[in-house]
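Student:
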Amino acid sequence: MEYVKELFYEFDFLTKKPMTIQNYDRILKRLDHRMTSCLFRYGGAEKFLVLGYTPFELKEIGDWSSSKIPEIYALELMRTGVGKRDF
35 MEYVKELFYE FDFLTKKPMT IQNYDRILKR LDHRMTSCLF RYGGAEKFLV
85 LGYTPFELKE IGDWSSSKIP EIYALELMRT GVGKRDF
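Going by the working numbering, the sequence shown opens with residue 35, and the numbers climb by one from there.
(1) Residues in its own chain within less than 6 angstroms of residue 68 by CB, not counting five upstream and five downstream?
(2) Mapping the DSSP letters down to three states, classify residue 106 as helix, strand or coil.
(3) Do you know how far the Cα of residue 58 is from the Cα of residue 88?
(4) Could you check whether residue 54 and residue 63 sit closer than 9 angstroms to each other, using their CB atoms as the reference points?
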């Protein structure tokens, strides 16, 4: 729990600045060095490519609604036992 508090105060979420992808990546990297915002942004990219979006458009808009890649990441952590931490 202290680790989460440290992250909260280090990044000062109460500022008026918007959360950028770079800051979000820094927070995720502090939690686990293998995580990036791409895990959350591009999970449903295949669906949008089929609908006619270009790779450039997908890069710009991202896909924050899909949980496919984070679920695969979580299953991989549990399979290897890396994700087990004592908080």
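Even for Gly, the Cβ is constructed at its ideal location relative to N, Cα and C.
Tutor: If we stick to the structure as given:
(1) Cβ contact annotation for residue 68 (same chain, cutoff 6 angstroms, sequence separation greater than five): none.
(2) helix
(3) 24 angstroms
(4) no
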